[in-house]
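J.: After the structure tokens below, expect a handful of questions from me.
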Amino acid sequence: MRHQIHDLLAPLPGTVRQIHSFHFGPPSAKGKIYIQSSLHADELPGMLVAWHLKQRMAELEAAGRLRSEIVLVPVANPVGLEQVLMDVPLGRYELESGQNFNRWFVDLSEEVGNEIEGLLGDDPQRNLELIRDSLRKALARQTAGTQLQSQRLTLQRLACDADMVLDLHCDFEAVAHLYTTPEAWPQVEPLARYIGSEASLLATDSGGQSFDECFTLLWWQLKERFGEQFEIPLGSFSVTVELRGQGDVNHPLASLDCRALIDYLIHFGAIAGEPAPLPELPYPATPLAGVEPVATPVGGLLVFTALPGEYLEAGQLIAEVIDPINDRVTPVHCSVAGLMYARSLRRMATAGMVIAHVAGTEAYRSGYLLSP
Ligand SMILES: [Zn+2]
């Protein structure tokens, strides 16, 4: 195992923070897997899973079972981790800029495309190496002006040439679910089975240049631009894995998730061994554009009647919103049928607030598809 330390740009004198990456695997590793956790710093189930993985990877490395390089970044957002305001952790948005830590990773598809134009050939493997090399160089040329940009750039450089990128997040109160692209779904489906993903939400471009999409989109855009003339492989696929809710930090779940990720890596060929039998897929993949963000029209005490993991019919009651002053009780229903995979942790709703997400099967939204 190699431990690398990457200094971030210090926002103030004497306050430099670091990203720590742990690299496992033989020097002659074939392929690269990148796994990070807690990019939203108040989403900690993945950090415990990463810590379990760290111990297991050391054992697997000692046993000579690692075929690929496996890079682990258990603390992907040291900037957000320290944002605790009056006893409340605030790890989703940077307080300095208000920006979501998981948005606006740099899009280099045009720059890479311009550089490789005229160099592409008939060999897809050579094209893949050419693109990776160009991407590494383009990222090396980037300079960060702020600590936030420097954190994003550090993570992007670490993951840019991986075959697979797993970004471990969680929701507020939720069952296990994941986000990936329709193009990657055939490769991701076994992961959804091992992890017991109850909703698998697919979109090619959800509009936020999030960490997972900055890799898949680059290959997809190069394929769109050059695919008529040259064979451009999808050189990287990535998944945002949502390991249930913010409170689900415990050893029994983390060791199950760790086992599931290792089973998937064995199935993928990154770790030598006999893959565990594939469990049933709990729920078929659905379009991210089919997700209904259910909002309440009024503010008040939020009393849920539906649990994460429940399948709801169109029009079913999800919650009541109670105004204890005028005794008004407002029922909130979902419009689409589907699996309610996540709901809010807040119990005092404000008017217009999204209180739950339901994975419907028909795409009906377009444009920006993510939460803020
Ligand atoms: Zn997140």
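Numbering-wise (the working numbering), the sequence shown opens with residue 3 and increments by one. Where is the CB? At the ideal position from N, CA and C, for every residue including glycine. Just so you know, these numbers come straight off a predicted model, no measurement behind them.
1) How should Met88 be labelled, buried or exposed, when 16 other C-beta atoms within 10 angstroms of its C-beta is the threshold for buried?
2) Return the CA-CA distance between Ser202 and Gly48, expressed in angstroms with no decimal places.
3) Run the proximity test for Leu180: is its beta-carbon closer than 8 Å to any non-hydrogen atom belonging to ligand 1?
4) Quick one: is the Cβ of Asn104 within less than 8 Å of any heavy atom of ligand 1?
5) Using a threshold of 8 Å, is the CB atom of Arg94 nearer than that to any non-hydrogen atom of ligand 1?
6) Going by CA-CA distance only, name the one from Ala176, Gly247, Leu170 and Glu200 that's closest to Ser212.
7) Closest by CA to Leu258, which one among Pro13, His54 and Trp187?
8) Quick check: does the Cβ of Cys172 come within less than 8 Å of any heavy atom belonging to ligand 1?
9) Does at least one heavy atom of ligand 1 sit under 8 Å from the Cβ of Leu46?
10) Which same chain residues end up closer than 6 Å to Tyr196 when comparing Cβ atoms and leaving out the 5 residues on each side of it in sequence?
11) Going by beta-carbon coordinates alone, are Arg69 and Gly33 separated by less than 9 Å?
12) Report all residues from its chain with a CB closer than 7 Å to the CB of Val167; omit the five preceding and five following residues, and keep chain order.
13) Taking C-alpha atoms, which residue in Thr156, Gln85 and Pro15 lies nearest to Ala78?
14) Check the C-beta distance from Trp187 over to Leu204 and give it rounded, since I have them as a contact under 8 Å.
15) DSSP has Ala375 in a bridge; who is on the other side?
16) Would you mind sorting Asp325 into buried or exposed? The rule is 16 or more other CB atoms within 10 Å of its CB.
17) Distance cutoff 9 Å, beta carbons only. Does Leu83 sit that close to anything in chain D?
18) Just to check, is the beta-carbon of Leu41 closer than 8 Å to a non-hydrogen atom of ligand 1?
19) Indicate the three-state DSSP secondary structure (helix, strand or coil) for Ser240 in the structure shown.
20) Quick one: what's Pro295 bridged to in DSSP?
21) Measure the alpha-carbon distance for Gln151 versus Leu10 and round it to whole angstroms.
22) Using 8 Å as the cut-off, classify the Cβ of Glu215 as near or not near the heavy atoms of ligand 1, replying yes or no.
23) Is Glu294 a contact residue of ligand 1, with contact defined as CB to any heavy atom under 8 Å?
24) At a cut-off of 8 Å, would you count Glu244 as near ligand 1, judging by its Cβ distance to the nearest heavy atom?
25) Would you decide whether Asn104 is buried or exposed? Buried here means 16 or more other CB atoms lie within 10 Å of its CB.
26) Flag this pair as touching only if the stretch 333-347 and the stretch 306-317 have three or more C-beta atom pairs under 8 Å; answer yes or no.
T.: Concretely, from the data shown:
1) The residue given as residue 88 occupies position 86 in the sequence shown. It counts as exposed.
2) As a working mapping, residue 202 is identified with position 200 in the sequence shown. As a working mapping, residue 48 is identified with position 46 in the sequence shown. Each residue's Cα considered, the two are about 18 Å apart.
3) Locating residue 180 in the sequence shown gives position 178, counting from the first residue. Checking the Cβ of Leu180 against ligand 1 gives no.
4) Stepping through the sequence shown from its first residue, residue 104 is reached at position 102. Result yes, Cβ under 8 Å from ligand 1.
5) On the sequence shown, position 92 is the one that residue 94 refers to. Correct: Arg94 has its Cβ closer than 8 Å to ligand 1.
6) Translated into positions along the sequence shown, residue 212 becomes position 210. The shortest C-alpha separation from Ser212 is found at Leu170.
7) Position 256 of the sequence shown, counted from the start, is the residue given in the question as residue 258. Considering only alpha carbons, the answer is His54.
8) By one-based count along the sequence shown, residue 172 stands at place 170. Yes, Cβ of Cys172 sits closer than 8 Å to a heavy atom of ligand 1.
9) Taking the first residue of the sequence shown as 1, we reach residue 46 at position 44. It does not: the Cβ of Leu46 is nowhere closer than 8 Å to a heavy atom of ligand 1.
10) Here residue 196 refers to the residue found at position 194 when the sequence shown is read from its first residue. Excluding residues within five positions, the ones whose Cβ falls inside 6 Å are Ala262, Asp265 and Tyr266.
11) Position 67 of the sequence shown, counting from 1, holds the residue named residue 69. Position 31 of the sequence shown, counting from 1, holds the residue named residue 33. Contact: yes.
12) Taking the first residue of the sequence shown as position 1, residue 167 is located at position 165. Cβ within range, chain order: Tyr36, Ala161, Asp214, Phe217, Ser238 and Ser240.
13) Residue mapping note: residue 78 aligns to position 76 of the sequence shown, counting from 1. The shortest Cα separation from Ala78 among Thr156, Gln85 and Pro15 belongs to Thr156.
14) Your numbering for residue 187 matches position 185 in the sequence shown. Your numbering for residue 204 matches position 202 in the sequence shown. Sure, about 6 Å apart at Cβ, within 8 Å.
15) The chain is shown only over 3 to 374; residue 375 falls outside these bounds and no answer can be derived.
16) Position 323 of the sequence shown, counting from 1, holds the residue named residue 325. Asp325 should be labelled exposed.
17) This model lacks chain D altogether, as it is built from one protein chain only.
18) Here residue 41 refers to the residue found at position 39 of the sequence shown. Yes.
19) For the purposes of this step, residue 240 is taken as residue 238 along the sequence shown, with counting starting at 1. Note: Ser240 maps to strand in three-state DSSP.
20) Translated into positions along the sequence shown, residue 295 becomes position 293. His359.
21) The count along the sequence shown starts at 1 and reaches residue 151 at position 149. The count along the sequence shown starts at 1 and reaches residue 10 at position 8. Cα to Cα, Gln151 sits roughly 9 Å from Leu10.
22) Indexing the sequence shown from 1 puts residue 215 at position 213. No, ligand 1 has no heavy atom inside 8 Å of this Cβ.
23) Walking along the sequence shown from the start, residue 294 turns up at place 292. No - ligand 1 has no heavy atom lying nearer than 8 Å to the Cβ of Glu294.
24) Working through the sequence shown from its first residue, we reach residue 244 at position 242. Checking the Cβ of Glu244 against ligand 1 gives yes.
25) In the sequence shown, counting from the first residue as 1, residue 104 sits at position 102. Flag for Asn104 reads buried.
26) yes
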